[in-house]
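Just below is one structure, and these are the notes that go with it.
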Amino acid sequence: MQLTKKEISNPRKQEVYKRALRFRRDIYAIVKEFPDIERYNLCDQLRRASASVPANFSEGFRNYYYGKEKDRLNTALGSTAEIQAFLDMAIMEKYISREQYEKLDDDAEVIFGMLLGMIQEIDKVLDKEGQEEEE
2 MQLTKKEISN
12 PRKQEVYKRA
22 LRFRRDIYAI
32 VKEFPDIERY
42 NLCDQLRRAS
52 ASVPANFSEG
62 FRNYYYGKEK
72 DRLNTALGST
82 AEIQAFLDMA
92 IMEKYISREQ
102 YEKLDDDAEV
112 IFGMLLGMIQ
122 EIDKVLDKEG
132 QEEEE
């Protein structure tokens with residue numbers, strides 16, 4: 002049996018969602034400066050991954066089942082890590098400055114930590130429920 006939430010609130014009120022939207026905006030701004038050769042490669046990958054974070058967070062946060070929320074949050078977590086790898090590539094190719102890299106990487110780390118914290122809280126709820134069912 003899947004554990005259901007007692008309440009489903011608005012993801013737009015969550016700080017991680019707001020940060021993820023700003024992060025997406027910042028990513029979109031920097032890729033405009035990338036060379037044309039990266040238009041359908043690194044630019045596209047960064048755009049897609051950065052849009053995936055708030056979209057998957059929102060989808061999961063509004064889901065009725067904890068397990069499905071956790072799955073979507075985990076996808077957002079993976080997209081955040083993917084962005085960091087793409088940022089490593091961008092700085093290696095000198096498409097972004099060290100300052101841009103550090104700001105975006107720091108933002109990604111904050112978002113990653115917030116998402117991970119939410120996943121860990123869901124795990125606690127699921128573990129507690131599992132223990133109660135065994136008793």
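Start counting the sequence shown at 2; every next residue gets the next number (the working numbering). Here a beta-carbon is modelled for each residue, glycine too, at the ideal position from N, C-alpha and C.
Put simply, the backbone Cα of Cys44 is about 17 Å away from that of Leu22. In this structure, Ile28 and Arg48 form a Cβ contact; the two beta carbons are roughly 7 Å apart against a cut-off of 8 Å. In this structure, the beta-carbon distance from Asp106 to Leu88 falls below 8 Å. Counting along the chain, the unbroken alpha helix (DSSP H) around Leu22 starts and ends at 16–32. The way I'd put it, the segment 117–124 does touch the segment 69–86; three or more beta-carbon pairs between them come closer than 8 Å. In the displayed model, Tyr102 falls within a helix according to three-state DSSP.
As computed with DSSP, Thr5 is found in a beta bridge with Tyr66. Close CB contacts of Ser53 within its chain, under the 6 Å cut and outside five residues either way in sequence, are with Ser80 (chain order). Here the alpha carbon of Gly131 sits roughly 10 Å from the alpha carbon of Gln3. DSSP, reduced to helix, strand and coil, places Phe35 outside both helices and strands of the structure shown, so it counts as coil. Tyr96 places its beta carbon less than 8 Å from that of Phe35.
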